[in-house]
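Just below is one structure, and these are the notes that go with it.
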Amino acid sequence: MWKTILRRVLLMIPQIIILSLMVFMLAKMMPGDPFTGLVTPQTDPSQLHRLRVEAGFYNPWYVQYRDWVVNMFHGNFGTSYQYHRSVASMIGERAVNTFWLALLTFVLTYLIAIPVGIIAGRYESSWKDNAIQVYTYITLAIPAFVFYLFGIWLFGYVLGWFPTSGSISVSATGMIGKVGSMLYHMILPALLAAILATTSIIQYLRSGIIDNKQEDYVRTARSKGVPERVVFSKHILRNSFLPIAAFIGNNFAVLIGGSVFTETIFSYPGLGQLFISSISSRDYSIITALVLIFGIFTLLGNLISDIILRVVDPRLRIQ
Amino acid sequence: MPDETTHLLDIQHLHTGFRVGDAFYDAVDDINLTLDKNEILAIVGESGSGKSTLATSIIGLHNPKNTRVRGTIAYNGQNLVGLDETAFNKIRGNDIGMIFQDPLSALNPLMRCGDQIAETLKYHTKLNKQERKEHVLAILERVGIPNPKLTYRQYPHELSGGMRQRIIIAIAIACKPPIIIADEPTTALDVTIQAQILDLLEDIEKETGSGIILITHDLGVVAETADRVAVMYSGQIVEEAPVNELFAHPLHPYTRSLLNSMPQLDNVEDKLHVIQGTVPSLKDMQPDGCRFAPRIPWIPASAHEAHPTMHEVGPNHYVRCTCYKTFHFQDALSSVEGGIVNVTD
Amino acid sequence: MSLIEVKHLKVHYPVRTGFWNRITSYVKAVDDVSFNIEAGQTYGLIGESGSGKSTTGKAIVGLEKVTSGQILYEGQDITKASVRKSMHYNKDVQMIFQDSLSSLNPRKRIEDIIAEPIRNFEHLAPTDEQKRVQQLLDIVGMPSDSIYKYPFEFSGGQRQRIGIARAVATHPKLIIADEPVSALDLSVQAQVLNFMKDIQQAYHISFLFISHDLGVVKHMCPDMAIMNQGRFVETGTREDIYEHPQHIYTQRLLSAIPEVDPTHRQQNRKHRQAVEKKFQSEKKDYYDQNGRVFDLQQLTEHHAAAVKPEQADLCRQEIEHDRYPDELPLRMEVE
Chain A
1 MWKTILRRVL
11 LMIPQIIILS
21 LMVFMLAKMM
31 PGDPFTGLVT
41 PQTDPSQLHR
51 LRVEAGFYNP
61 WYVQYRDWVV
71 NMFHGNFGTS
81 YQYHRSVASM
91 IGERAVNTFW
101 LALLTFVLTY
111 LIAIPVGIIA
121 GRYESSWKDN
131 AIQVYTYITL
141 AIPAFVFYLF
151 GIWLFGYVLG
161 WFPTSGSISV
171 SATGMIGKVG
181 SMLYHMILPA
191 LLAAILATTS
201 IIQYLRSGII
211 DNKQEDYVRT
221 ARSKGVPERV
231 VFSKHILRNS
241 FLPIAAFIGN
251 NFAVLIGGSV
261 FTETIFSYPG
271 LGQLFISSIS
281 SRDYSIITAL
291 VLIFGIFTLL
301 GNLISDIILR
311 VVDPRLRIQ
Chain B
320 MPDETTHLLD
330 IQHLHTGFRV
340 GDAFYDAVDD
350 INLTLDKNEI
360 LAIVGESGSG
370 KSTLATSIIG
380 LHNPKNTRVR
390 GTIAYNGQNL
400 VGLDETAFNK
410 IRGNDIGMIF
420 QDPLSALNPL
430 MRCGDQIAET
440 LKYHTKLNKQ
450 ERKEHVLAIL
460 ERVGIPNPKL
470 TYRQYPHELS
480 GGMRQRIIIA
490 IAIACKPPII
500 IADEPTTALD
510 VTIQAQILDL
520 LEDIEKETGS
530 GIILITHDLG
540 VVAETADRVA
550 VMYSGQIVEE
560 APVNELFAHP
570 LHPYTRSLLN
580 SMPQLDNVED
590 KLHVIQGTVP
600 SLKDMQPDGC
610 RFAPRIPWIP
620 ASAHEAHPTM
630 HEVGPNHYVR
640 CTCYKTFHFQ
650 DALSSVEGGI
660 VNVTD
Chain C
665 MSLIEVKHLK
675 VHYPVRTGFW
685 NRITSYVKAV
695 DDVSFNIEAG
705 QTYGLIGESG
715 SGKSTTGKAI
725 VGLEKVTSGQ
735 ILYEGQDITK
745 ASVRKSMHYN
755 KDVQMIFQDS
765 LSSLNPRKRI
775 EDIIAEPIRN
785 FEHLAPTDEQ
795 KRVQQLLDIV
805 GMPSDSIYKY
815 PFEFSGGQRQ
825 RIGIARAVAT
835 HPKLIIADEP
845 VSALDLSVQA
855 QVLNFMKDIQ
865 QAYHISFLFI
875 SHDLGVVKHM
885 CPDMAIMNQG
895 RFVETGTRED
905 IYEHPQHIYT
915 QRLLSAIPEV
925 DPTHRQQNRK
935 HRQAVEKKFQ
945 SEKKDYYDQN
955 GRVFDLQQLT
965 EHHAAAVKPE
975 QADLCRQEIE
985 HDRYPDELPL
995 RMEVE
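Rendered as structure tokens:
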């Protein structure tokens, strides 16, 4: 078990190297550089040249790559060309926001999806199941931005229950006040994102339960005289959770990556929003750092999924 | 038909129907059958004969939504037909143990083997966790598991097919039920393992005095293990007899045809006997008349009864319909349906 | 000359273990197996699950990568895909599977299923092709309107006949039948076995009949091999194997077949348990210290068993004795 995990972790190293190379190359291939934005009719070309030399732009690509990697190891992701601040500290501030939003979305997703999926699977073809099916079809079909804008309009403007932008109120004071304000700002985006994310989990759980109900081992359990309630919880449900468990890691990674969308629409100051604004201002040092971080999160998500699956399914445990 | 002494299990006029559209069709049609202590009763039939439906009816594992069970299954003074779930759960596992065909799919892949056996004890005994474990270890040893302590902690996929079937048997016998239903217990196993499992079942029957209902399509298995045999065709019992009697004097055309279609020592170079036509589907079964008649068309209709009943033809030997009296085989080759022999260019 | 000569066939799968996932050992699914299939004859391959019998069959059709050894067809080694292609081997050798439902594409109509091998190897006009399909359905005794139906609309026996029709479509010389009747009811099994015999006679087809059912193999195959752990433990004619089994594994297998005569039940059980006991106690005389089956020793012209070389003479005497019980004393004097 530990060996397998360690091997998977070691396998991530070449994956990360390839990822970083791709990110680096993409950044280099993009037209223009941060200094082109500074060009005015008064700019002295030699000064521009000096800036580029200082930034190492005329070094061979592998030297640039090496410098970039070495700097990253020192926690130095470079300086934002637009804000003239350390990328690491900028990302750090935003990452906290994104992390909490993703976590809340994640928790809400499973809090909604699991009971709903269980009801749909257990009472297959009942009116409850049919209603849930309609719900999943709608959430699957509706484009995310339409759904978000509708949510903002309804809960933010019409009902006025929640703020529609930002991550914290400037007037919040004290520990409790600040945490409360943060939560208050997060609830609407997290809830709306969670509702969209429940669709696949509900469907997986529902069909898992329906399939497992027909399995021979469920019949065996019934033939032992196990009460139906226990047959459901101990035999049917446990087996139906396998695919759900396998998705947990991926799901979290998807939420971090998916923050681009949610945060932009909700003007929520997280990594996603930073990413979009960096793209429009061609702030390459931030873009590369973020792409790398999103990539690493995806790899980590897969790793976590793998580990969880190994823990819950004994068939995968043997070497 | 049955004597007046009390039987372990007494099935009378059992009908089990499945819903097809709006109507129910009886897959088990008016079955009368008894099971006594210390006996292995084999129920033989091909797929679609209703033998497995009969087994699931006895242990009450049908989905009530699309099944209709009528008749009586008398056990210990109560009728199992129509028993509510709570009462039936007290009987399942405790009074009736069930052994299934495919030992891999019949075990929960996420549960340790020992826990799956202990689960039966949990709902039928007052034993505490430790006592249950000791009990399970003893049962594992009884069913011939070489290292009970290790196997207790193993998962089904870590065991061989034969070992898994022993676990299934351990689950079935954990509470020493007086009745054991074994539904094709050896079909998924190799012959050498099959022999061991059948020996084990026989030993259990001798030790505990249980009555075993052995459901199988394999006449060899029947000849090796059963005390009494009921042959099923199309939801009905067509012949019932003690095992020696059945193999020595098979009477019903279906029984005789089946025995004849087995590849055997003496017909190595010959063609095998083929029964014409196919088993009728649930919807196509005739409600009246001899259901085997369409498959022996050379026997005149007058030879069959209009409403076939079971006739006692010897001690404890019963045959359905009168067609057995005039039945004879047609030339084996001409009864091959279609095929090269009949093709003319 | 034999139709197919299998020479020292080995199919090994690597087992990867440890931290670096390196190959630490091999599963020897088929381990040095040699036999011939004669034209128009049926050769039986008997074994329990995991014995390597199916792998052997698949290796012959080319569905399994051969580790070493040769499979000679018309004098050419067809273990390479390029050779198979150049000599129409894939057309000449077809396969029938056990599970007739999963081996037929559920989304294709019977017409397309049966026509597929024809389309692969021949180019017929649509009308000619349909005629051929109809003929093939005739051969296996299926009604002509079957061509518009889908596999699930047929019973197990009918599907198995469709599988046979598909296999016969290209006029093959050899059909590998992997447990063709194991999933079928007794009466349907009889039907399919009869068909196979009919087709063999009509078209002079060879069969490699793979089965765990000793009764069925006995009925179908004049020659056969018993497989255990990827090796042949005994080969011979029907009489050799069923009347004079020499290897303990063969004896054990035979003793385990249930007999359709309840009056011998007690003797059978005693005999079976005695053989089982003998198997447990004499295992080391029939398997080497690694549990590997010995090499085959030729006992008679057509009978071979995997016994120790020094045991072979004893076996020969035993066979003689079985055949001509009266002559035994004479032979003893000679020795």
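Residue numbers (our numbering), protein chains in the order written: chain A, 1 to 319; chain B, 320 to 664; chain C, 665 to 999. Backbone N, C-alpha and C define an ideal beta-carbon position, used for all residues, glycine too. None of these values were measured; they are calculated from a predicted model.
At a cut-off of 8 Å between beta carbons, Arg122 of chain A makes no contact with chain C. For Arg773 of chain C, no beta strand (DSSP E) encloses it, and the DSSP letter there is neither H nor E.
Contact with chain B is found for Thr927 of chain C, since one of that chain's Cβ atoms lies less than 8 Å from the residue's Cβ. Contact note: Phe683 of chain C reaches chain A through Lys3, Leu6, Arg7, using a C-beta cutoff of 8 Å and chain order. Taking a Cβ-Cβ threshold of 8 Å, the residues of chain B close to Leu917 of chain C are Val510, Thr511, in chain order. The C-beta of Asn239 of chain A comes closer than 8 Å to at least one C-beta of chain B. Take the alpha-carbon of Ile307 of chain A and the one of Glu521 of chain B: they are about 46 Å apart. Here DSSP, grouped into helix, strand and coil, assigns Ile668 of chain C to strand. Across the structure, Pro189 of chain A and Thr199 of chain A are spaced so that their CA atoms are roughly 17 Å apart. Spanning the alpha carbons of Met25 of chain A and Ser713 of chain C requires a straight line of approximately 54 Å.
Against Lys590 of chain B, the close residues of chain C are Ala854, Leu857, Asn858, Lys861, Asp862, in the order they occur along the chain (beta-carbon pairs closer than 9 Å).
Look at Gly225 of chain A: its C-beta is under 8 Å from a C-beta on chain B. Note: Ala113 of chain A is not bridge-paired with any residue in the DSSP secondary-structure output.
For Arg411 of chain B, a Cβ of chain A is located within less than 8 Å of the residue's own Cβ. Bounds of the alpha helix (DSSP H) holding Ala144 of chain A are 144-151. Residue environment for Tyr58 of chain A: exposed (fewer than 16 other C-beta atoms within 10 angstroms of its C-beta). Rounded to the nearest whole angstrom, the C-alpha separation of Asp756 of chain C and Val880 of chain C is 25 Å. The C-beta distance from Arg830 of chain C to Ile778 of chain C rounds to 5 Å, short enough to fall under 8 Å. Under a criterion of Cβ atoms nearer than 7 Å, no residue of chain B is adjacent to Glu263 of chain A; the nearest Cβ is some 39 Å distant. For Val562 of chain B, a Cβ of chain C is located within less than 8 Å of the residue's own Cβ.
Residue state for Gly733 of chain C is assigned as strand, using DSSP reduced to three classes.
Within the same chain, Cys609, Arg639, Cys640 come within 6 Å of Pro627 of chain B by CB-CB distance, once the 5 residues on both sides are set aside.
Runs of the alpha helix (DSSP H) lying entirely within the stretch 455-532 of chain B, each at least 4 residues long, are 467-472, 480-492, 510-527 in chain order. For Thr535 of chain B, the closest of C:Leu850, C:Gln855, C:Phe859 by C-alpha to C-alpha distance is C:Leu850. Chain A places no beta carbon closer than 8 Å to that of Glu365 of chain B, leaving this residue out of the contacts. If you draw a straight line from the Cα of Val691 of chain C to the Cα of Pro678 of chain C, it comes to about 6 Å. Following the DSSP letters along the chain, one finds Asp349 of chain B inside the beta strand (DSSP E) bounded by residues 342-354. The Cβ neighbour count for Asp862 of chain C, taken over all protein chains shown within 10 Å, is at least 16; the residue is labelled buried. Residues of the stretch 282-314 of chain A whose Cβ lies closer than 9 Å to any Cβ of chain B, in chain order: Val312, Asp313, Pro314.
Of the candidates B:Lys356, B:His326, B:Ala342, B:Thr372, the residue whose Cα lies closest to the Cα of Tyr552 of chain B is B:Thr372.
Separation of the CB atoms of Leu570 of chain B and Tyr643 of chain B is rounded to 4 Å, and the pair is thereby assigned contact status at 8 Å.
Around Val924 of chain C, the beta-carbon contacts reaching into chain B at under 8 Å are Leu538, Gly539, Ala542, Phe566, Leu578, Met581, Gln583. Shortest Cα-Cα distance from Ile523 of chain B to any of B:Ile615, B:Ile458, B:Ser621 involves B:Ile458.
Taking a cut-off of 8 Å on C-beta distances, the stretch 399-416 of chain B touches the stretch 438-447 of chain B, as three or more cross pairs fall below it. With respect to Ala693 of chain C, His676 of chain C sits close: the two C-beta atoms are nearer than 8 Å. Contact with chain B is found for Arg222 of chain A, since one of that chain's Cβ atoms lies less than 8 Å from the residue's Cβ.
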